[in-house]
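Report on the structure given below.
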Amino acid sequence: MKRHFPTETVSVSKNGTGSSRREFLFATLGLTLTGVVASLPGRAFAASVISGSDAVKQFVTLSQVITEHQHLDAVLAARFFAAFSQRDAQFAPRLAQLALLLQAGMSAQQLLAKADSAGLHDFLYQIVTAWYTGTVGDDYHGTLVAYKQALMYQTVSDGLVVPTYCGNGPIWWTVPVPDERNGLIDSL
Numbered sequence: 102m103k104r105h106f107p108t109e110t111v112s113v114s115k116n117g118t119g120s121s122r123r124e125f126l127f128a129t130l131g132l133t134l135t136g137v138v139a140s141l142p143g144r145a146f147a148a149s150v151i152s153g154s155d156a157v158k159q160f161v162t163l164s165q166v167i168t169e170h171q172h173l174d175a176v177l178a179a180r181f182f183a184a185f186s187q188r189d190a191q192f193a194p195r196l197a198q199l200a201l202l203l204q205a206g207m208s209a210q211q212l213l214a215k216a217d218s219a220g221l222h223d224f225l226y227q228i229v230t231a232w233y234t235g236t237v238g239d240d241y242h243g244t245l246v247a248y249k250q251a252l253m254y255q256t257v258s259d260g261l262v263v264p265t266y267c268g269n270g271p272i273w274w275t276v277p278v279p280d281e282r283n284g285l286i287d288s289l
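Now the structure itself:
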């Protein structure tokens, strides 16, 4: 007893599952192109932050000299610059004045001495304080720009986790859970 199926139910282009290899490839290509197009604005923003304006570049260069950290985050520097500029309308002109004092190969101590003689000592300390504490302004209305990325935690990162409400530090859930039956605890 042999069954015969009508020709309209079996398609040569279909494999019986409702899709062909060609349709799968076109769908994959479409998703890939959509992902590439969606990532373009993010890449453009990152490039604009890194290239930035002259004032942001001056801020990064000045920050590298005064903190003696050569690998400062450019995006974080742009956020600090924006917070300072929003808080103080004279920030950019004073930054330009301070940048004129900067010379190639200058140490932080030398820059501090020149800033002191130019009357920009406190201004320079505001920048250092911002990088180390992650906040702009020391009053009640200060702006928190960075927490985990603050330089005060980087200097002791080999032995101290960034303090949070959780005793295990940030992203604590990625660390394996400690064994409850640890012999070390029983021996104490």
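Using the working numbering, read the sequence shown as starting at 102 and increasing by one per residue. Note that the Cβ used here is the ideal one computed from N, Cα and C, for glycine as well. On a predicted model such as this, the values are computed, not experimentally measured, just so you know.
> Buried or exposed: V276, going by 16 or more other Cβ atoms within 10 Å of its Cβ?
Replying inline: Exposed.
>> Please report the straight-line C-alpha distance between F127 and K158, rounded to a whole angstrom.
In response: When rounded, the distance between both Cα atoms is 44 Å.
> Based on the DSSP secondary-structure assignment, which residues constitute the bridge partners of T244?
Replying inline: V237, per the DSSP bridge assignment.
> Which ranges would you report for the alpha helix (DSSP H) in the region 189-240 if only whole runs of at least 4 residues count?
Replying inline: If we require 4 residues or more, the alpha helix (DSSP H) runs fully inside the region 189-240 come out as 192-202, 209-218 and 222-234.
> Based on Cα-Cα distance, which residue from A178, F182 and A209 lies nearest to Q250?
Replying inline: Between Q250 and the set A178, F182 and A209, the nearest pair of CA atoms involves A178.
> What is the rounded straight-line gap between the Cα of M253 and the Cα of R195?
Replying inline: Each residue's Cα considered, the two are about 25 Å apart.
>> Checking 8 Å against the spacing of the C-beta atoms, do F182 and A209 come in under that value?
In response: One thing to note: F182 has its Cβ no nearer than 8 Å to the Cβ of A209.
>> Can you find the residues in the same chain that come closer than 7 Å, C-beta to C-beta, to A184, ignoring five residues on each side of it along the sequence?
In response: In chain order, V237, T244 and V246 place their CB closer than 7 Å to the CB of A184, counting only its own chain and leaving out the 5 sequence neighbours on each side.
>> Suppose you measure from the CA of A294 to the CA of S186; what does that come to, to the nearest Å?
In response: Missing from the structure shown is residue 294; the chain here goes from 102 to 289 and no further.
> S164 lies in the alpha helix (DSSP H); which residues open and close that run?
Replying inline: According to the DSSP assignment, S164 belongs to the alpha helix (DSSP H) that extends over D155 to T168.
> If you drop the 5 nearest sequence neighbours on each side, which residues of the same chain put their C-beta closer than 8 Å to that of A193?
Replying inline: Hits under 8 Å: A156 and S186.
> T129 by DSSP, collapsed to three states: which one?
Replying inline: Looking at T129 - three-state DSSP - the assignment turns out to be helix.
>> Quick check on DSSP: helix, strand or coil for L173?
In response: Of the three classes helix, strand and coil, the one that applies to L173 here is coil, per DSSP.
> Roughly how many whole angstroms lie between the Cα atoms of I151 and Q204?
Replying inline: Below a pLDDT of 50, predicted positions are generally treated as unreliable, and I151, at 49, falls in that range; no measurement from the model is reported.
>> Within a Cβ cutoff of 6 Å, which residues of the same chain sit near E169, ignoring the five residues on either side of it in sequence?
In response: So the qualifying residues of the chain are A209.
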